Amino acid sequence: MTARPGFVLEVDRSTPPTLFWYGENFRLERLPRSSRILYPPEPLPAIRDVRTAIENALDNPAGDQKPLDALLFPGMQLTIAFDDVSLPLPQMTAPDIRSLVIEAVLERAAQAGVEDVQLVAALALHRRMTEGELKHAVGKRAYNALKPRGLLTQHDAEDQANMLEIGHTDQGELVEINRRAAESDLLVYVNINLVSMDGGHKSVATGLASYASIRHHHNVKTMVQSRSFMDRHSSELHSSNWRMGRLIKDAGIKIFQIETTLNTNTFPDSFRFLQRREWEWDLRDRASFVAANGALAKTPPALARQIFHSIRSPYGVTGVNAGEVEAVHDLTLAKVFEQQLVRVEGQTDILTMGLPFVGPYNVNSIMNPILVYCLSLGYFFNMYRHKPLVRKGGVVIISHPTRPEFDPAFHPSYIDFYEQVLTETTDPLIIEQKYEETFARDPWYIHLYRTGNAYHGVHPFYMWYWGAHALDHLGGVIVMGGDPKTVRRLGFKPASTLNDALEMAGSIVGANPTVTHLHSPPLVMADVY
Amino acid sequence: MFDVLKGKTVFVTGGTGFLGTAFIESALRKLPDTRLAVLIRPGRNASAAKRLERDILRNSCFDRLRSELGADGFRDTVRNRLLPVAGDVSIDGLGLDEAGRELLAEADVVIHSAATVSFDATLDQAVEINLLGPGRVLSTYRELRSATLSAHFVSVSTAYVAGSRKGDAAETSLSRQPHYPRVSWKDEVTSARELRRLVEQRSREAKRLLHFRSAAEEELGPAGVALLAERTERLRLDWVKSEMVSLGRARAQSLGWPDAYAMTKALGEQALEELAATIPVSVIRPSIIESAVSEPYPGWIRGFRMAEPIIISFARGLLKDFPGAAEAVIDVIPVDYVVGALLAVAASPPPPEITFYHSASGSLNPLRYSKLVTLVRKYFSDHPLYDDRGSAIKIPEWTYPGRGEVESKLNRSKELLRALNRLMTRLPLRGTLLDYQDRLAETRVTLERAQSYVELYGAYAECEANYLFSNLLRITANLDPADRQLLSVDPREIDWERFILETHLPSVVEHARAKTSPTRQRGESREDRLRRSLLTGRRIVVFDLENTLIAANVVDSFAWLATERSSPGRKGIIATTLLAEAPKLLSLDARDRSDFLRYFYRRYRGADIAELEDQSTRFMTAFLLRKSFPKGLARVRAHRAAGHYTVLVTGALSFIVEPIAPLFDEIVALEMPQDEGRLTGEIRGALPIGEARADLLRQLARSHGYGEEDSIAYADSTSDLPLLEAAGVAVAVNPDPRLRQLARRRGWLIEEWSRSPGYPSLFLPLGSQL
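Line order of the protein sequences matches chains A and C. Just remember that our numbering sits 1166 ahead of the position in the first sequence, which is counted from 1. Just remember that our numbering sits 29 ahead of the position in the second sequence, which is counted from 1.
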């Protein structure tokens, strides 16, 4: 079975209402006639025998790299770093692809007589994973074997003693990464490349780095020059990471990169309608939509959230590539684009998007207003190549309830960012200048990051920077169905219905605007010409 | 001007009062060559000189003089002509030092205006000051003043010495008036002092003390022995006071006076007459003194006087009825007219025998009750007051009811409110219902106030005597015409309508700080101001934990830890057991928190410490932080950022709060001893709760070099009252209804902090795998 390619639908009289994510629920909205809707290709066929694919990849590395077995020897120090809980979204049904890869690598290591093996979750400044999440990511066997002996750790960017300065790039960027990873004879990195931003040199240069190092590319200037950060070749974020990655390589740190790609089979059968194109819904799809929509509307948000976060995605693995970082990543990107890219002719005045219950930073938690901002203006807006989907001075319309809710355990500094910073200004440059340092160095946030499950104090700032390019580009942002006070705090405008939102947008972009909808789920990326 | 007083010394008592202040100002301004000696009772922390500056000269009364003379000129005038004399009219001999005695000896005129004018003064206090005061001052003056020099003693009394009778009241000695009760002032003095002893004794009877104690408990809840004792004693003193007030009123009314004030003033005149043999005495009897018509400036008034509370209550729609007949005369006299009378009398030759002067308006220029009500209604229809929501308050229709009718109506409402309030303090309230409770409490206070006005002033409204007015006219006629020009004496000059609408009511409204426009108050609210001030200075800040910073208690945390790793079935068992035990735990907690904690903490016996440590990250994430009040944590951090020393004081076990320890500079929690890696379930030593918390606060403040006044305490329940009371600044966080009422009464900042809304709140938090 081959997957149908993605395409752009033009709305006409016969087009049924379109599905919009609306946080922990959905809405069906009728888009104006001649609006365009971007549908990604259908899920690519999955590799049937993933284990064999992994073995093949380990034995046949891409680029200038030896097979894994040739890199393993008794008495060596081996570190396996892996992507954290921010990928994939939602979490995939067990076994997680990372666990399969890790098991294979551990198996090879054991055969080669390697005894000093450690696993490190490449958190960067993300929250520490919970025990359950760790167990899911690395698999029960690895967890039970390594965790009790302290050999399964999570990267601690604030543990100064266990960071190693590698040097500075030719642009003066400090490179400082996890000491164990840097000093190992071999660093194996296990990734899941859900979107084109992930992977490559970013895995190690960001995932295992410190605040002092990350700040060189996680800042407003870099983000405004990343157009988009989903397109590595036009992304200053990636250029910086590539400079760092090459410095790491030149420093003699041996990395065996294993990247995996997934198809867009995101939802289990009970949520089948989410995966289908609306005009192809059958009776069962319609019925499940009505039932789910009605029930969710009556469910308290906290419970609805719990229900959604317990969903495990039946993703299929579409590729496993191993070897030298850059060569592997090229193969990976090709696969990601094959799954997500849709060619679009011309920009639009108004871009509409529905935001789901989950983004990379609120797995098992609340999508707070700052994450709403980041997911829309950071992630979704940047799902383009060549040109932004929306024209300069255009408007983005978001569908999300945007409640002023926060997780005080995972996102403690977000609360203060919302209450203390956003009440003063929403300008990324001023925010960066005036507040970043204080939050980043705050001992309480550092304590929570190191001993609890909290994102680093500086993390909400990065969320804000990720929207900087979009803020720079757009004429306005409207949140449909969002809590008005909260929406205004973000610097956006609230609207209660799509028609209101379109009318408001019209006053910014002019009469008879063109409208394009970024259909989600599943993930779609626009190739704009 | 006033040549007769040139180079003379006038000795004034009661200078800090309404009339006294006005007199001093007027004398300073109009008698440039006269010296004033002012008798002032030194306060606890203020000398007579300091009180002269603070309580007299800083009053707006002197604004005019200050601007006329300039700052330097004013200072010189005060330094040269205004001499503070430390003393007390309630002590025989006035407690004067040598300098004071010299000044009194040099006084050519003594103006005695010191009195307790509060109409609800206790009987014995009124006797000491109003009855015995004039005689004391006169005796001391006579003793010190050389017989060869001229002397004049001018005493301020009240027109209401005439009592609650109708008909003409003459300007003569009361003893010459018909129907005057023949009582001996000496007997009244003796019996008033005797009554004080008696009432004090009765207040100490076991039954009564028990009653005070239970009233204190109802008010404070389990606030600890020390605070309850303090409150109980306060209630006893209040009872004694109110008993003495009602005994005084009863005695006065039995003799035909409206209250003890009028009675003691009358008997004071009588005492004065007996002593008046050697020194000329004048007695001035003003009626109700009100704001100034023109001097020092139109509308000047000091303190919240008799009619104002009634007028304001009316305008606010609180007082719907006030007893009185429409035709009755309200005898008021503006303060500058009384000052005029005092100056006129002081400037006149001392009378050969005791002389009485009315300073009243009723006989010459009567203001009728109906007219007053019409004017007040007109004024407030044109210039309504506004409520907190910004809408104009409708003023009620006046019905001129009798006193009994009004009182019983008020009583009924008050009882109903009291019952409602009692009910509400027992309910666990939150949110909008709390606002309702606040409003209820406010209404109750207002009603109580209204009732006391009716009780206090109702009797005056029934005084319908006609105070004859001729002696003042006679002596002013004899004054130098130029001097006469400077004085307001004759009430016929007063245009009531103009005075009330243009001068008096605006001044009353301004004084009451009533809301006169619908706009909400601009700038920061009182709460914001308080909040901001909290974060200034050098402070030590003590935080309670449970329900102050996190929505949890010892039972919750135990349940979480005990169930985190257990199977659903086992979870159910633990939850059910705790629920079944809840009533017992609650009542134990309400009775004695220490007992409760010791009892409950036994459950930890045998708990594996390594396992607890293993749970610590999950406990922090799923319990401590998700149940925290983010605003509370932010406040702790704000205090630290301001350089304050922050301390967590909690009855929780130390390992429970360990994960959030870095939030504070110091933590005071309970330590549970260990035995071979397991907890023992015992708590040794005193628990940091109740009074112990107050002691702890003092100790902490001392050991870190802070004064008690530099301390701030945050807590949520009345059991923390000792801590809150001991702190320099108290903040009630999510207070229970009882604490809320107390906090509002004391003007404490109240914070309503809640959990982040994203997580459901379970009755018992059962641990779950993250």
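Glycine included, each C-beta is placed from N, C-alpha and C at the ideal position. These figures come from a predicted structure and were not determined experimentally.
TODO: Tell me whether GLN798 (chain C) is buried or exposed, calling it buried when 16 or more other Cβ atoms sit within 10 Å of its Cβ.
DONE: Position 769 of the second sequence holds residue 798 (chain C). Since pLDDT at GLN798 (chain C) reaches only 42, below the 50 mark, its modelled position is unreliable, and the value read off the structure follows with that caveat. When all chains shown are included, GLN798 (chain C) counts as exposed.
- [ ] Would you decide whether TYR1601 (chain A) is buried or exposed? Buried here means 16 or more other CB atoms lie within 10 Å of its CB.
- [x] Taking the first residue of the first sequence as 1, we reach residue 1601 (chain A) at position 435. Buried: at least 16 other Cβ atoms inside 10 Å.
Open item on the list: Taking its Cβ as the centre, do 16 or more other Cβ atoms sit within 10 Å of LEU1374 (chain A), making it buried, or is it exposed?
Closed with: Translated into positions along the first sequence, residue 1374 (chain A) becomes position 208. Here LEU1374 (chain A) is buried: its Cβ has 16 or more other Cβ atoms, across all protein chains shown, within 10 Å.
Open item on the list: On a Cα-Cα basis, can you pick out the residue from A:VAL1341, A:ALA1308, A:GLN1337 and A:ARG1293 that is closest to GLN1320 (chain A)?
Closed with: Residue numbering aside, residue 1320 (chain A) sits at position 154 when the first sequence is read from its first letter. GLN1320 (chain A) has its Cα closest to that of A:ARG1293, out of A:VAL1341, A:ALA1308, A:GLN1337 and A:ARG1293.
Open item on the list: Between the alpha carbons of LEU1272 (chain A) and HIS1685 (chain A), how many angstroms are there, rounded?
Closed with: Within the first sequence, numbered from 1, the residue matching residue 1272 (chain A) stands at position 106. Within the first sequence, numbered from 1, the residue matching residue 1685 (chain A) stands at position 519. Cα to Cα, LEU1272 (chain A) sits roughly 40 Å from HIS1685 (chain A).
Open item on the list: Is ILE1581 (chain A) close to chain C? Criterion is C-beta to C-beta, closer than 9 Å.
Closed with: As a first step, residue 1581 (chain A) is located in the first sequence; it is residue number 415 there, counting from the start. Yes, ILE1581 (chain A) lies at the interface with chain C (some Cβ there is under 9 Å from its Cβ).
TODO: Check whether the Cβ atoms of VAL185 (chain C) and VAL367 (chain C) sit closer than 9 Å, and answer yes or no.
DONE: By one-based count along the second sequence, residue 185 (chain C) stands at place 156. By one-based count along the second sequence, residue 367 (chain C) stands at place 338. The Cβ atoms of VAL185 (chain C) and VAL367 (chain C) lie closer than 9 Å to each other.
Open item on the list: Using CA atoms only, rank isn't needed, just tell me which of C:GLU575, C:ILE313 and C:LEU559 is closest to PHE658 (chain C).
Closed with: Position 629 of the second sequence, counted from the start, is the residue given in the question as residue 658 (chain C). Just measuring C-alpha positions, the residue of C:GLU575, C:ILE313 and C:LEU559 sitting nearest PHE658 (chain C) is C:GLU575.
Open item on the list: Using CA atoms only, rank isn't needed, just tell me which of C:ALA756, C:PRO786 and C:SER785 is closest to ARG775 (chain C).
Closed with: To locate residue 775 (chain C), count along the second sequence from 1; it is residue 746. For ARG775 (chain C), the nearest C-alpha among the options comes from C:ALA756.
Task: Residues in the stretch 1526-1549 of chain A having any Cβ partner in chain C nearer than 9 Å - done: Those residues of the stretch 1526-1549 of chain A placed with their C-beta closer than 9 Å to a C-beta in chain C are ASN1530, SER1531, ILE1532 and ASN1534, ordered along the chain.
TODO: Excluding the 5 residues preceding and the 5 following ALA421 (chain C) in the sequence, name in chain order all residues of the same chain whose CB lies nearer than 8 Å to its CB.
DONE: Counting from 1 along the second sequence, the entry for residue 421 (chain C) is found at position 392. Cβ neighbours of ALA421 (chain C) beyond the five flanking positions: PRO413, LEU414, TYR415 and PRO547.
TODO: Could you tell me the distance, in whole angstroms, from the CA atom of TRP1447 (chain A) to the CA atom of PHE1455 (chain A)?
DONE: Locating residue 1447 (chain A) in the first sequence gives position 281, counting from the first residue. Locating residue 1455 (chain A) in the first sequence gives position 289, counting from the first residue. So the alpha carbons of these two residues sit roughly 10 Å apart.
- [ ] Determine the DSSP secondary structure at MET273 (chain C), reduced to helix, strand or coil.
- [x] Position 244 of the second sequence holds residue 273 (chain C). Looking at MET273 (chain C) - three-state DSSP - the assignment turns out to be helix.
- [ ] Say whether the stretch 1487-1504 of chain A touches the stretch 1410-1425 of chain A, bearing in mind that this needs 3 or more beta-carbon pairs closer than 8 Å, one atom from each stretch.
- [x] With the rule of 3 Cβ pairs closer than 8 Å, the stretch 1487-1504 of chain A counts as touching the stretch 1410-1425 of chain A.
- [ ] Determine the contact status of VAL1561 (chain A) and GLY1641 (chain A), defining contact as a CB-CB distance below 9 Å.
- [x] By 1-based counting over the first sequence, the position of residue 1561 (chain A) is 395. By 1-based counting over the first sequence, the position of residue 1641 (chain A) is 475. Yes, the pair counts as a contact, with Cβ atoms nearer than the cut-off.
- [ ] Note down, in chain order, every chain C residue with its Cβ under 7 Å from the Cβ of HIS1613 (chain A).
- [x] Reading the first sequence from its first residue, position 447 is the one you call residue 1613 (chain A). Neighbours of HIS1613 (chain A) on chain C, chain order: PRO691.
Task: Contact check, GLY1623 (chain A) vs TYR1539 (chain A), beta carbons under 9 Å - done: Walking along the first sequence from the start, residue 1623 (chain A) turns up at place 457. Walking along the first sequence from the start, residue 1539 (chain A) turns up at place 373. Cβ distance not < 9 Å, so GLY1623 (chain A) and TYR1539 (chain A) don't count as in contact.
- [ ] Indicate whether PHE648 (chain C) and PHE587 (chain C) have their beta-carbon atoms separated by less than 9 Å.
- [x] Numbered from 1 along the second sequence, position 619 holds the residue referred to as residue 648 (chain C). Numbered from 1 along the second sequence, position 558 holds the residue referred to as residue 587 (chain C). Result no, Cβ atoms of PHE648 (chain C) and PHE587 (chain C) do not sit closer than 9 Å.
Open item on the list: Under 9 Å, Cβ to Cβ, is there at least one residue of chain A near ARG664 (chain C)?
Closed with: Indexing the second sequence from 1 puts residue 664 (chain C) at position 635. It does not; no Cβ of chain A falls within 9 Å.
Open item on the list: Give me the DSSP bridge partner(s) of ILE1343 (chain A).
Closed with: For the purposes of this step, residue 1343 (chain A) is taken as residue 177 along the first sequence, with counting starting at 1. The partner list for ILE1343 (chain A) (beta bridge, DSSP) reads A:LEU1330 and A:ALA1375.
Open item on the list: Quick check on THR1259 (chain A): buried or exposed, where buried means 16 or more other Cβ atoms within 10 Å of its Cβ?
Closed with: Reading the first sequence from its first residue, position 93 is the one you call residue 1259 (chain A). By the neighbour-count criterion, in which a residue is buried when 16 or more other Cβ atoms sit within 10 angstroms of its Cβ, THR1259 (chain A) is exposed.
Open item on the list: Output needed for TYR1377 (chain A): all residues of its chain with C-beta closer than 8 Å, excluding positions within five of it in sequence on either side, in chain order.
Closed with: Along the first sequence, read from residue 1 onward, the residue named residue 1377 (chain A) stands at position 211. Once the five neighbours on either side are set aside, the close Cβ partners of TYR1377 (chain A) are LEU1291, ALA1323, GLU1324, ALA1606, HIS1622 and VAL1624.
- [ ] Could you name the residues that DSSP lists as bridge partners for ILE741 (chain C)?
- [x] Stepping through the second sequence from its first residue, residue 741 (chain C) is reached at position 712. For ILE741 (chain C), which the question treats as bridged, DSSP gives the partners C:VAL570 and C:VAL758.
Open item on the list: Between LEU649 (chain C) and chain A, is any beta-carbon pair separated by less than 9 Å?
Closed with: If you number the second sequence from 1, residue 649 (chain C) lands on position 620. Checking the sequence, you will find Met at residue 649 (chain C) rather than Leu. Yes, MET649 (chain C) counts as interfacial toward chain A.
- [ ] Using a Cβ-Cβ cut-off of less than 7 Å, give me the residues of the stretch 1600-1612 of chain A that come near chain C, in sequence order.
- [x] Those residues of the stretch 1600-1612 of chain A that come within reach of chain C (Cβ to Cβ, closer than 7 Å) are PRO1609 and TRP1610.
- [ ] Pull up the CB-CB distance for PHE47 (chain C) and VAL364 (chain C), whole angstroms please, since I reckon it's below 8 Å.
- [x] Locating residue 47 (chain C) in the second sequence gives position 18, counting from the first residue. Locating residue 364 (chain C) in the second sequence gives position 335, counting from the first residue. Between PHE47 (chain C) and VAL364 (chain C) a beta carbon distance of about 7 Å is seen, short of the 8 Å cut, so the two are scored as contacting.
Open item on the list: Assuming ASP137 (chain C) and ALA176 (chain C) are in contact, meaning their beta carbons sit under 8 Å apart, how far apart are those beta carbons, in whole angstroms?
Closed with: In the second sequence, the residue the question calls residue 137 (chain C) occupies position 108. In the second sequence, the residue the question calls residue 176 (chain C) occupies position 147. No, ASP137 (chain C) and ALA176 (chain C) are not in contact; Cβ-Cβ is about 14 Å, not under 8 Å.
Task: In DSSP terms, what VAL361 (chain C) is bridged to - done: Position 332 of the second sequence, counted from the start, is the residue given in the question as residue 361 (chain C). According to the DSSP secondary-structure assignment, VAL361 (chain C) is paired through a beta bridge with C:ILE317.
Open item on the list: To the nearest angstrom, how far is the alpha carbon of THR650 (chain C) from that of ARG1471 (chain A)?
Closed with: Locating residue 650 (chain C) in the second sequence gives position 621, where the first residue counts as 1. Locating residue 1471 (chain A) in the first sequence gives position 305, where the first residue counts as 1. A direct Cα-Cα distance of roughly 18 Å separates THR650 (chain C) from ARG1471 (chain A).
Task: Nearest neighbour of GLY162 (chain C), chosen from C:GLU298, C:ILE718 and C:ARG627 [CA to CA] - done: To locate residue 162 (chain C), count along the second sequence from 1; it is residue 133. The residue with the shortest Cα to Cα distance from GLY162 (chain C) is C:GLU298.
Open item on the list: Please confirm whether LEU590 (chain C) has its beta-carbon closer than 9 Å to some beta-carbon of chain A.
Closed with: As a position in the second sequence, residue 590 (chain C) is number 561, starting the count at 1. Not an interface residue.
TODO: Could you check the C-alpha separation between ALA1236 (chain A) and GLY1489 (chain A) for me, to the nearest Å?
DONE: Translated into positions along the first sequence, residue 1236 (chain A) becomes position 70. Translated into positions along the first sequence, residue 1489 (chain A) becomes position 323. Roughly 12 Å between the two C-alpha positions.
- [ ] Mind listing, in chain order, the continuous beta strand (DSSP E) runs of no fewer than 3 residues lying wholly within the stretch 1497-1572 of chain A?
- [x] Correct list: 1507-1510, 1514-1522 and 1556-1565.
Task: Identified DSSP bridge partners for GLN1320 (chain A) - done: Indexing the first sequence from 1 puts residue 1320 (chain A) at position 154. Beta-bridge annotation (DSSP): GLN1320 (chain A) is paired with A:ALA1287.
- [ ] Determine the closest residue to PRO1535 (chain A) out of A:LEU1507, A:SER1565, A:ASN1226 and A:LEU1555, with distance taken between C-alpha atoms.
- [x] Within the first sequence, residue 1535 (chain A) is the residue found at index 369, counting from 1. Considering only alpha carbons, the answer is A:SER1565.
Open item on the list: If I follow the unbroken beta strand (DSSP E) through SER184 (chain C), where does it start and stop?
Closed with: In the second sequence, counting from the first residue as 1, residue 184 (chain C) sits at position 155. For SER184 (chain C), the uninterrupted beta strand (DSSP E) segment begins and ends at 181-185.
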